[in-house]
Amino acid sequence: MKDQPDGIDESVLRHALEDWGPGARALTYVPLGFGDYHWTADATGGDRWFVTLSDLAEKYHCGIGVDAAWHGLNRAMDTAAALADRGLGSADGGFVVAPLRTTGGETVRRIGERHDVAVFPWVDGVAGDFGDEPAAEDRTAAVEMLAALHRTEPPAATRALSPELSARGRLEAALEAALAAVREPRTGGPWSEPARELLAEHGVGVRRRLDDFDRLAARVAARAAAPVVTHGEPHPGNVLRRGDRRLLLDWDTAGLAVPERDLWLVARDAADLDRYTELTGRVPDPDALALYRLRWSLEDVDAFLAWFRAPHTATADTDQAWRGFADTVKSLQS
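According to the working numbering, the sequence shown is numbered sequentially starting from 23.
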């Protein structure tokens, strides 16, 4: 996020970092990514960490509600740490950039009522951006990482994830209100009314895609494919280049699901899918690929709407969110 979080003083964050080890740490805010807040932390002893703060009230993919999101995030981070313990960690030549554990063995620490912090080792490398179009060799490297992940025995902490939308009822209620031309008070902020108007204009198309989603989900469920450990968001922004190696960042979406949950973000052609089949023996399901591609867009629409209907101001982050919302809503018309 470009803007720093409200209500979190750096002294509070610095105090929380003591759970990972003593020593005064110099914090530097990093305006990176979208959703979580990041700092680098430098210790007097020479260690360097990458610190991530999450707002649990906005962590819908981990659970609806602060407590549910807290438990979901714990299990995702514990999954990544367990994968690293099995030799898949970046420090051991693997690809999992896993959270460091506190002195008490935890992977995340609660701060106040709605935030948590996780600490990662600093890893030199170059990350991509979400919208990058990877070259064929980068896709091959990503497919090979995913194949290795999907062949791994699930850690005990890994939670099973349904393809159902995180907050289906909330999205449908917003659609119904927009299509009925129900004008809600503009109490949220500058993007509240534009979001309502855009949804009213394109709501029929979004509603049609929800029906498509249901049909795809029914077909995929009928085939009962065995779930695997998935990352959830292996897009170029979560892939770190370190020389010839590729590492996977941001494991808060990790969980058990069909492999297509990951593959749709990576594979671009039949050669990518054939390479996956060669490595795993599994033939990707076109319906499952389409299901998770559509799910991503519908989840984005819901998350952006929730943001715009809540109190907000005009910032670089809300401006970026508006652009993402408008593009996604329009893309669902085809």
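Just so you know, even glycine gets a beta-carbon here, dropped at the ideal spot from N, CA and C.
Keep in mind it's a predicted model, so treat the numbers as computed, not measured.
Within 7 Å, strictly: CB atoms of residue i and residue j
i: L75; j: V139; result: yes
i: T252; j: R229; result: no
i: L187; j: A200; result: no
i: G111; j: A120; result: yes
i: G147; j: L313; result: no
i: G150; j: P258; result: yes
i: D400; j: L193; result: There is simply no residue 400 to check, as the chain begins at 23 and stops at 356 in what is shown.
i: G210; j: R345; result: no
i: A179; j: D100; result: yes
i: G116; j: R181; result: no
i: R70; j: W144; result: yes
i: L354; j: G227; result: yes
i: A279; j: L183; result: yes
i: G45; j: G29; result: no
i: D294; j: R161; result: yes
i: A157; j: L327; result: no
i: V88; j: A79; result: yes
Same chain, Cβ closer than 7 Å to residue i, neighbours up to 5 away in sequence not counted
i: D77; result: P27, R136 and H137
i: T124; result: D41, W42 and R131
i: V305; result: T299
i: A98; result: C84, W273, D274, T275, A276 and G277
i: V81; result: The amino acid occupying residue 81 in the given sequence is Lys; Val does not appear at that position. These residues qualify, in order along the chain: A91 and L95.
i: L311; result: E282, L285 and W286
i: A65; result: G45 and R47
i: Y51; result: Q26 and W61
i: N260; result: L270, L271 and D272
i: L176; result: First, the residue type needs correcting, since residue 176 is Pro and not Leu in the sequence shown. Only V251 and L278 meet the Cβ criterion.
i: L49; result: E32, L35, R36, W61 and A63
Residues sharing a beta bridge with residue i, DSSP
i: H137; result: D77 and I133
i: W71; result: A63 and P143
i: R263; result: V148 and R268
i: Y51; result: W61
i: A246; result: In DSSP, A246 forms no bridge with anything.
i: L193; result: None, per the DSSP bridge assignment.
i: A279; result: V250
i: A158; result: Partner(s): none; A158 has no beta bridge.
i: V118; result: G111 and L270
i: A182; result: L278
Close Cβ partners of residue i (< 8 Å) along its chain, the five nearest in sequence each way excluded
i: E255; result: D272, T275 and L287
i: D307; result: V242, R245, A247, V280 and E282
i: V231; result: Per the sequence shown, the amino acid found at residue 231 is Arg instead of Val. Answer for R231: L316, S319, L320 and L354, listed in chain order.
i: I133; result: I30, V34, L35, A38, L75 and V139
i: G225; result: L197, A200 and L201
i: F235; result: L187, L313, L316, R317 and L320
Contact set for residue i: own chain, Cβ-Cβ below 6 Å, skip 5 residues either direction
i: C357; result: Residue 357 cannot be examined here, being either before or after the span of the chain that is shown, 23 to 356.
i: V73; result: W61, A63 and V141
i: P281; result: H172 and V250
i: G57; result: none
Whole-Å CB distance - residue i paired with residue j, under 8 Å assumed
i: A338; j: K24; result: 4 Å
i: D322; j: L238; result: Not confirmed; about 17 Å, so no contact.
i: F347; j: A217; result: 6 Å
i: A113; j: R268; result: 15 Å between Cβ atoms; not a contact.
i: L270; j: V118; result: 6 Å
**Report entry** Any 3 or more C-beta pairs closer than 8 Å across the stretch 161-169 and the stretch 236-243
**Finding:** no
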